[in-house]
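In what follows, a single structure is set out as structure tokens and then discussed.
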Amino acid sequence: MAATARHDAGELVGVMPLAGSANRISPLPLSKELFPIGFNPAGPDGEPRAKPVCLYLLEQMRRGGVRRAFLVLRPGKWDIPAYLQDGALVGIDLAYLVMPYGYGVPYTVDRASAHLLGARVAFGYPDIIIEQDDVIATINTVQAESGADVVLAAFPMADPDNWGMIDFDEHLQVRHLAEKPGRTHMTHTWGAAVWAPSFTRFMHEQLSQMRPDVVQRTADGTAQEIQIADIMRAAIDHGLSIRAHLFPHGTLRDIGRPSTLVQAVRDYAGG
Numbered sequence: 001m002a003a004t005a006r007h008d009a010g011e012l013v014g015v016m017p018l019a020g021s022a023n024r025i026s027p028l029p030l031s032k033e034l035f036p037i038g039f040n041p042a043g044p045d046g047e048p049r050a051k052p053v054c055l056y057l058l059e060q061m062r063r064g065g066v067r068r069a070f071l072v073l074r075p076g077k078w079d080i081p082a083y084l085q086d087g088a089l090v091g092i093d094l095a096y097l098v099m100p101y102g103y104g105v106p107y108t109v110d111r112a113s114a115h116l117l118g119a120r121v122a123f124g125y126p127d128i129i130i131e132q133d134d135v136i137a138t139i140n141t142v143q144a145e146s147g148a149d150v151v152l153a154a155f156p157m158a159d160p161d162n163w164g165m166i167d168f169d170e171h172l173q174v175r176h177l178a179e180k181p182g183r184t185h186m187t188h189t190w191g192a193a194v195w196a197p198s199f200t201r202f203m204h205e206q207l208s209q210m211r212p213d214v215v216q217r218t219a220d221g222t223a224q225e226i227q228i229a230d231i232m233r234a235a236i237d238h239g240l241s242i243r244a245h246l247f248p249h250g251t252l253r254d255i256g257r258p259s260t261l262v263q264a265v266r267d268y269a270g271g
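In full-length UniProt numbering, the protein residues as written are 1 to 271.
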């Protein structure tokens, strides 16, 4: 897609980052976003068909009102467009963009920014299954009615070693986000977001001021990619409104770790 796209006011457009390398569960014979988890009810012959994990998020997006989405890939992951094609399988018009460098999810998402002018964005991780059907539909409504710059779908989480955590006040305004903080008072993670054009612009402006080829490092020298949480913390500091919407009975499954991948395959094996 070469031309810059403008969207109707209020249109919700999906963005999915698929540029990761799946190092924790490598080697794989396919892109991890196509790893089968469970089954679709039936194919044309009435027999069930394996269900790639990314379909769970695409179905969430469709139920939430998304009718077009941008999927951002890295070179070599051509099996994804080969499988999903134009999106007829999920009822969403799909377009593909290529991100040649692995600088982190914000840069991957920002690759689509020129195609999102005036659009609200539905965002999620294609290797995470949201185990509640109406999540994006709900936060879409909350964002449209509240006017918040970002609405995060928040879920209870007792594993802060492996999940990004969020802190919010009694009015559900997000005060802080931390990526896998370990011991913490925070009790919720987030699994999807809907944001206004204001946050798309803010993220683009922030990233344009950074050197993506300069790798951030933790105190012990470990390489660290820039995270969406980093951009959201900066947005809060600049006065943007980030709100949480709680799903107290919802759960998330990340297939990006060996143990959780094995458990998901077992739990979803019955269809």
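For every residue, glycine included, the Cβ atom is placed at its ideal position computed from N, Cα and C.
Using the Cα positions of residue i and residue j, report the straight-line distance between them to the nearest angstrom.
i, j, result
"W195", "M99", "22 Å"
"D254", "E170", "28 Å"
"L89", "Y125", "19 Å"
"E205", "D110", "10 Å"
"D8", "V174", "Note that D8 scores 47 on pLDDT, short of 50, meaning its location in the model is unreliable; the coordinates nonetheless yield the value given after this. So the two alpha carbons sit approximately 28 Å from each other."
"T260", "F123", "22 Å"
"M16", "F70", "6 Å"
"G65", "L57", "13 Å"
"S241", "H176", "12 Å"
"C54", "R74", "16 Å"
"S146", "A235", "17 Å"
"A269", "H238", "46 Å"
"F247", "K180", "20 Å"
"H249", "F155", "8 Å"
Checking the sheet assignment: what are the DSSP bridge partners for residue i?
i, result
"Q173", "R243"
"G124", "A192"
"L261", "The partner list for L261 (beta bridge, DSSP) is empty, contrary to what the question assumes."
"I129", "R253"
"Y96", "L71"
"I166", "L177, H188"
"V151", "V194, R243"
"P156", "H188"
Which same chain residues end up closer than 7 Å to residue i when comparing Cβ atoms and leaving out the 5 residues on each side of it in sequence?
i, result
"S21", "G102"
"F39", "P48, R49, A50, K51, G271"
"I112", "The displayed chain sequence assigns Ala, not Ile, to residue 112. Result list for A112: V15, F70, V72, L97, in chain order."
"T138", "H245"
"V105", "P17, Q227, I228"
Among residues of its own chain, excluding the 5 on either side of residue i, which ones have a beta-carbon nearer than 6 Å to its beta-carbon?
i, result
"W163", "M157, T189"
"V142", "V151, H245"
"P197", "G118"
"T4", "Unreliable positioning characterises T4 in this predicted model, as indicated by a pLDDT of 49, which lies under 50. The coordinate reading is nonetheless provided below. The residues are A114."
"D267", "none"
Going by beta carbon distance, what residues of the same chain come within less than 8 Å of residue i, once the five residues before and after it are set aside?
i, result
"D93", "R67, R68, A69, D86, G87"
"E59", "V90"
Our contact map puts residue i next to residue j with C-beta atoms below 8 Å; I'd like the distance itself, whole angstroms only.
i, j, result
"S26", "K77", "Actually they are not in contact, since the Cβ atoms of S26 and K77 sit about 13 Å apart, beyond 8 Å."
"M186", "A193", "With 8 Å as the limit, M186 and A193 do not qualify as a contact, their Cβ atoms being about 17 Å apart."
"D161", "G191", "Between G191 and D161 the Cβ distance is about 17 Å, and since that is not below 8 Å, they are no contact."
Could you check if residue i belongs to the surroundings of the ligand MG, using beta carbon to heavy atom distance under 7 Å?
i, result
"V121", "Within the structure as shown, the ligand MG is missing, as the structure has no ligands at all."
Continuous beta strand (DSSP E) assignments of at least 3 residues falling wholly in the segment 10-61
12-18, 36-40, 49-52
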